[in-house]
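Below is one structure, written out as C-alpha cells; comments come after it.
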Amino acid sequence: MRYWNWLLPCLGLLALRSSLSQVVPEVRLGVYRGREVQFPRDPRQFKGWRHYGHNAPVWKVSDELPEDVFTFARLCYPFRRGGRWTADYPEADLNFSFRLHQLTSVQVNPYPVIIDIEAEQLRQHPFLYVSEPGHMDISDEQARVLREYMLNGGFIMIDDFWGGDEWQSFEPAFKKIWPDRNYEELKPDHPVFHCVYDLPSPPQVHSNVYWAEMRQHGHTKMYNEIRKDSATPHFRAVYDDRGRMVMLICLNNDLGDGWEQEQSDPWYFTHVSEKHAYPLGINIVFYALTH
C-alpha cells in the first residue's frame, strides 16, 4: 500500500469536527447474532463472535486539534429478518479506522461509534457506514431524518449485500429515503475508483470462506447456487441537486469482510484486504469528504 501524506491538507480544510465525546451511551443494548448483548463505547471491549477486536491498536490524536478527527460511524437501524446492522462488527470498524490512520495523514478517532437514526447524533458525522441493508425496516420519519442528513452534507456508504433478491428487499427502504430520486450506476472511470488508489477496475470483495473454497475446489456453493446473480459488482450512487454524491451503494460486495477478516489468513490479507478492500474504502472516504 502507498502512503498518502498529502491528504491532511485537503481534509484539514473540511474541519471534520467529529468529537471524541460523542452523544452516544456508554453502553447500549442490542441484538447480536440472535441474542441481546452489551455494546460498550470502546468496541475493543465488545464480547462478540470472533473477538479479534480486543487486540486492535489505540493511537493518540493531536493535542492541538483533538476534535478535528474522522470517526468511523456505523448506523444502527431496525430490520425485519436476515440482514443485520452488526455485520462484521467490531473488527471491520476497528481495522479500517487503524488502516486509515496508518496509511494516510487523516487524523482518525481510534474509537469507532454506533449511531442511531437521530438527527443530533447524525449531524456530528460526515460519513456513515451501513452494513447488510437487505432487510432494513425504517419508518417514514427515520427515512426523512436520513434524507435530511445527506442533503445537509452527510454521506452514507452501504455495503455487504448480494443479488437481486437482497436488492429488492432493500428497495422499500431506498424508496422511503428517496421517493423522488434514483441511483446512477458508476462507470469504471469514475473518480471514486482512482482518487487515492488507482484501481484497475471496480473490485469485488468476498469473505475469506469464499476464497478458501475457491482456492481448494475452484468454485463455491454459496455464490454458484444461492447468489447466482451476484457475479458482477455494482456501485450505485445517489446525488443531490448540486451534483454531490450523498450515497454510495456497494451491491455484490462486502468491503466489511475485507476489513474484518484481515487477520484470518495471510493470503487473504495480501490479495483481498490490502489489494481491494482497504484501497476502495479509503477512496470512498476521501471522495466523500472532499466533494
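Everything in the sequence shown is counted per the working numbering, starting at 6 for the first residue and increasing by one.
Glycine included, each C-beta is placed from N, C-alpha and C at the ideal position.
Delimiting residues of the alpha helix (DSSP H) encompassing residue i
i	result
Ala124	Ala124 to Leu127
Ile289	Tyr283 to Thr295
Leu80	Premise fails: Leu80 lies in the beta strand (DSSP E), Ala78 to Leu80, not in any alpha helix (DSSP H).
C-beta contact flag for residue i and residue j at 9 Å
i	j	result
Val197	Phe240	yes
Gly139	Phe160	no
His281	Gly263	yes
Trp172	Leu256	yes
Thr109	Phe291	yes
His130	Ile120	yes
Ala61	Arg49	yes
Pro95	Pro208	no
Ala124	Ala148	no
Asp164	Gln112	no
Cβ-Cβ separation, residue j to residue i (assumed contact under 8 Å), whole Å
i	j	result
Tyr244	Glu189	7 Å
N- and C-terminal bounds of the beta strand (DSSP E) containing residue i
i	result
Ser136	Phe132 to Ser136
Asp170	Looking at the DSSP string, Asp170 is not in any beta strand (DSSP E); the run it does join, the alpha helix (DSSP H), is Gly168 to Ile182.
Tyr116	From DSSP, Tyr116 is part of no beta strand (DSSP E); its letter is neither H nor E.
Met250	Met250 to Leu256
Arg241	His239 to Tyr244
Contact set for residue i: own chain, Cβ-Cβ below 7 Å, skip 5 residues either direction
i	result
Val63	Pro115
Phe77	Asp98, Phe101, Ser102, Pro117 and Tyr134
Inter-residue Cα distance where the pair is residue i and residue j
i	j	result
Asp194	Pro238	15 Å
Arg104	Ile287	9 Å
Gly169	Ala236	11 Å
Pro205	Trp272	20 Å
Same chain only: Cβ atoms within 8 Å of residue i, ignoring 5 sequence neighbours per side
i	result
Ile289	Met162, Val197 and Leu253
Val251	Met155, Leu156, Gly159, Phe160, Ile161, Val243, Tyr244 and Asp245
Chain-order list of residues whose beta-carbon lies under 6 Å from that of residue i (same chain, five-residue window excluded)
i	result
Glu267	Asn100, Phe274 and Ser278
Arg33	Phe44
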